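A short worksheet on the structure shown next.
Numbering (this note's numbering), first residue to last: 10 to 462.
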C-alpha cells in the first residue's frame, strides 16, 4: 500500500492514477461547477476601482469576496485520495506566505491587511483552479463561461472607445458616489479599460484569453472569430506590451503548427532564443533601455520605465530580502511601478519573485510518457496553451504591474496549468497506451477521455 501525496492513504499508484483520470473525465463528478466558475470570474466585470466593501477595516473587492469562500472546499478536494501534489503547490504557497511575512516584518500589523489581501488573491485563485478546473470537462466548463465574460468585457471596451470616456467606471462611480479612475489617452484617443483598473490590464487580459481560445477552439471559423475579437480588444487598449504578447503567442502557435513533426522543435526554439538574447546583450550597451525605448508605442513611456528600473534597482539593493512593504519613496518614478517583478521586489524582497517565478516554471515541467498515454490531444494542446500563457504573463509583467483581478487571474492560470500537469502525471502512471487520434466527444460537445470510452 502506498500513501497519497497529500498525506492520505490510498490504493497503489496505478489504481490511484486510473481513478484520477476517470474522475477528471466523468461529467457527473468533475464537470466544473457552473456557480464556482461564475464566482471565480465575476470580478472580471465588476470594476474593483469603484466597487469595494470594508469589513473590520479590511478592503474587499467583489473578486476577493467571491473567491475566499471557495478556498477551504478547494483544499478538501485537493487532499482527496485521487489528487496528487505538484511542485508548483509548494512555490505558490511560499509566494503567499513570504508576502505576508515580509510585510509584517517591515511594517508590523499595519501591513497585514494589504499584504494578506494580495496573498489571498494569488493563493485563492491558484487553489480554486487546481481543485475545480481539473480534467477535460472541468477545463471546458471554465472556458465556456470565460467566453461570456470576455465578450462582455470587449463590448464594454468598445463603448469606451466610441464615447471617448471610460463608460463602465463612470457609471459605477456615479451610482456609488466614489471617484472614478482617470481617463487614459494615447496617440490622441481614449485607451479602453473596460472594467479593469487600467487599459494595460485589459490589453493583457485579451492577449491571454486569445491564447486560450486559439488552442481550445476546434472549429476554424470560431477560432478565427474569437482570436480576432480578442485582438480587437488588445488594439482598443493601445498597450504595446499586450501587442507584443499577442505577437509572441501567434508566432509560437504558428511555429508549433509548422514544425509539429519535429519532436525537438521546442528545444531548438529555446536555444535559438537564448542565442539571440545573448547576442543582443553583447552588441547593445544597454539592452533593457533599448527594449523599453524601442518596443513601446510611445518612446517617452519607455524612457520613463527605464528611470523606474534604475531607481528600483538601487532601492532593492538596499533591502533585498524583505523590501519596504508599502513605503512611499516620495519620487515620481517610484510612485507607480509598471513592472510586477519590480513592484513585488520593492514591497516584499527578492525571494518573493524567485518563488513566483518557480511557481510558473514548475507548473509547466514535462511529464515523462504522458503524451503517449493520455490519448487526449485536447489536453495536450491545452497544456501547450497554458504554458504559453504563463510565459506571456511573465513577459508582459516586465512592463505591467498586475493588481486586483489580473493578479487573481494569474493565480488561476498557474493553477490550471498545474492541474494539467497533474492530469498528465496520472495518465503517465497508467500502463495502457491509447491510440485514438482525437478524444471522443459526447452529445453535448464535451470531450471524453479514453477512460470513459
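Using N, Cα and C, we set each Cβ at its ideal position, and we do this for glycine too. All values reported here derive from a predicted model rather than from experimental measurement.
Decide if residue i is buried, meaning its Cβ has at least 16 other Cβ atoms within 10 Å, or exposed.
{"i": "residue 213", "result": "buried"}
{"i": "residue 196", "result": "exposed"}
{"i": "residue 118", "result": "exposed"}
{"i": "residue 307", "result": "exposed"}
{"i": "residue 172", "result": "exposed"}
{"i": "residue 204", "result": "buried"}
{"i": "residue 387", "result": "buried"}
{"i": "residue 373", "result": "buried"}
{"i": "residue 234", "result": "exposed"}
{"i": "residue 369", "result": "buried"}
Kindly list the residues whose CB is nearer than 6 Å to the CB of residue i, restricted to its own chain and excluding five residues on each side of it in sequence; keep chain order.
{"i": "residue 95", "result": "427, 430, 431"}
{"i": "residue 309", "result": "none"}
{"i": "residue 182", "result": "59, 189"}
{"i": "residue 128", "result": "105, 108, 109"}
{"i": "residue 135", "result": "101, 420, 423, 424"}
{"i": "residue 69", "result": "62"}
{"i": "residue 187", "result": "59"}
If distances are taken between C-alpha atoms only, which option among the options comes closest to residue i?
{"i": "residue 190", "options": "207, 198, 333", "result": "207"}
{"i": "residue 403", "options": "390, 389, 391, 418", "result": "418"}
{"i": "residue 81", "options": "139, 112, 159, 202", "result": "139"}
{"i": "residue 185", "options": "415, 435, 56", "result": "56"}
{"i": "residue 322", "options": "345, 336, 354, 337", "result": "354"}
{"i": "residue 153", "options": "43, 273, 268", "result": "43"}
{"i": "residue 399", "options": "386, 242, 416", "result": "416"}
{"i": "residue 120", "options": "247, 433, 67, 144", "result": "67"}
{"i": "residue 257", "options": "269, 237, 217, 111", "result": "217"}
{"i": "residue 435", "options": "92, 87, 63, 74", "result": "92"}
{"i": "residue 248", "options": "284, 237, 202", "result": "202"}
{"i": "residue 155", "options": "47, 192, 276", "result": "47"}
Taking the alpha-carbon positions, what's the residue i to residue j distance?
{"i": "residue 51", "j": "residue 72", "result": "6 Å"}
{"i": "residue 38", "j": "residue 151", "result": "In this prediction, residue 38 has a pLDDT of 41, which is less than 50 and means its spatial position is unreliable; nothing more can be read from the coordinates."}
{"i": "residue 316", "j": "residue 294", "result": "16 Å"}
{"i": "residue 219", "j": "residue 255", "result": "8 Å"}
{"i": "residue 410", "j": "residue 389", "result": "30 Å"}
{"i": "residue 250", "j": "residue 350", "result": "15 Å"}
{"i": "residue 375", "j": "residue 168", "result": "43 Å"}
{"i": "residue 274", "j": "residue 98", "result": "29 Å"}
{"i": "residue 361", "j": "residue 111", "result": "9 Å"}
{"i": "residue 175", "j": "residue 194", "result": "11 Å"}
{"i": "residue 271", "j": "residue 287", "result": "25 Å"}
{"i": "residue 74", "j": "residue 61", "result": "10 Å"}
{"i": "residue 148", "j": "residue 230", "result": "21 Å"}
{"i": "residue 341", "j": "residue 311", "result": "15 Å"}
{"i": "residue 125", "j": "residue 131", "result": "10 Å"}
{"i": "residue 63", "j": "residue 210", "result": "24 Å"}
{"i": "residue 406", "j": "residue 412", "result": "11 Å"}
{"i": "residue 243", "j": "residue 252", "result": "7 Å"}
{"i": "residue 377", "j": "residue 88", "result": "24 Å"}
{"i": "residue 393", "j": "residue 246", "result": "26 Å"}
{"i": "residue 385", "j": "residue 133", "result": "29 Å"}
{"i": "residue 282", "j": "residue 180", "result": "46 Å"}
{"i": "residue 145", "j": "residue 266", "result": "22 Å"}
{"i": "residue 371", "j": "residue 65", "result": "37 Å"}
Determine the contact status of residue i and residue j, defining contact as a CB-CB distance below 8 Å.
{"i": "residue 358", "j": "residue 330", "result": "yes"}
{"i": "residue 425", "j": "residue 85", "result": "no"}
{"i": "residue 100", "j": "residue 343", "result": "no"}
{"i": "residue 177", "j": "residue 160", "result": "no"}
{"i": "residue 338", "j": "residue 324", "result": "yes"}
{"i": "residue 199", "j": "residue 170", "result": "yes"}
{"i": "residue 397", "j": "residue 261", "result": "yes"}
{"i": "residue 335", "j": "residue 122", "result": "no"}
{"i": "residue 163", "j": "residue 238", "result": "yes"}
Examine the ligand SAH and report whether any of its heavy atoms sits within less than 7 Å of the Cβ of residue i.
{"i": "residue 207", "result": "Although the ligand SAH was asked about, the structure shown includes no ligands whatsoever."}
If I measure Cβ to Cβ from residue i and keep anything under 7 Å in the same chain, skipping five residues before and after, which residues do I get?
{"i": "residue 103", "result": "364"}
{"i": "residue 278", "result": "264"}
{"i": "residue 158", "result": "50, 53, 54"}
{"i": "residue 296", "result": "289, 290"}
{"i": "residue 408", "result": "250, 314, 347, 348"}
{"i": "residue 236", "result": "219, 222, 223"}
{"i": "residue 401", "result": "216, 217, 220, 254, 257, 258"}
{"i": "residue 395", "result": "422, 425, 426, 429"}
Residues in its own chain within less than 8 Å of residue i by CB, not counting five upstream and five downstream?
{"i": "residue 232", "result": "222, 223, 226"}
{"i": "residue 137", "result": "45, 49, 76, 79, 80, 83, 421, 424"}
{"i": "residue 346", "result": "317, 321, 352, 355, 410"}
{"i": "residue 114", "result": "331"}
{"i": "residue 454", "result": "Residue placement at residue 454 is flagged as unreliable, the pLDDT there being 46, under the threshold of 50; the coordinate-derived value follows with that caveat. So the list is empty, once near-sequence residues are dropped."}
{"i": "residue 333", "result": "115, 324, 355, 356"}
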